[in-house]
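Q: Numbering (this note's numbering), first residue to last: 159 to 288.
#1: What is the DSSP secondary structure of residue 232, reduced to helix, strand or coil?
#2: Where residue 233 and residue 248 are concerned, what is the direct C-alpha to C-alpha distance, given to the nearest angstrom?
#3: Quick one, are the C-beta atoms of residue 268 and residue 274 less than 8 Å apart?
#4: For the beta strand (DSSP E) that contains residue 277, what are its first and last residues?
#5: Between the stretch 236-250 and the stretch 208-226, can you find at least three pairs of beta-carbon atoms closer than 8 Å?
#6: State buried or exposed for residue 200, treating a residue as buried only when at least 16 other CB atoms are found within 10 Å of its CB.
#7: Can you give the Cα-Cα distance for residue 197 and residue 207, rounded to whole angstroms?
#8: My output table needs one value for residue 208: the three-state DSSP class, helix, strand or coil.
#9: Give the C-beta separation of residue 246 and residue 279 to the nearest angstrom, bearing in mind that I take them to be a contact with Cβ-Cβ under 8 Å.
#10: Given a threshold of 16 other Cβ atoms within 10 Å of its Cβ, counted over all protein chains shown, does residue 220 qualify as buried or as exposed?
#11: Quick check: what's the CA-CA separation for residue 193 versus residue 215?
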């Protein structure tokens, strides 16, 4: 458990997580439908010299916003034009290397994932895939 949530009761933490989940799913306030892709294991066929990877697609609703010039100094590896995505802790467990497609059909690659101070959501930073 995170240091900020350590002093709260289980009931308080549960209530906060519930409110955050509701806000992150509110499409009237910036949340959007995404398709999140998690890579499976890599397989190599030595006879053919080919490798393959499977992906699992998961539809989620998450808050998406830009990484601004003000944000860049505090985010490792960030550039203006990147995006940050707030994912409900109950939706999935994102990791660097995942990718997602947003509501405008733009493909993004996740390079950094952190947890919120109250363990209520993941903060993912991503860059457009060319």
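Heads up, the beta-carbon is just placed ideally off N, CA and C, and yes, glycines get one too.
Nothing here was measured: the structure is a model prediction, and the numbers come from that model.
A: Per the coordinate set shown:
#1: helix
#2: 24 Å
#3: No. Outside cutoff.
#4: Per DSSP, residue 277 belongs to no beta strand (DSSP E) and is neither H nor E.
#5: yes
#6: exposed
#7: 20 Å
#8: strand
#9: 6 Å
#10: buried
#11: 6 Å
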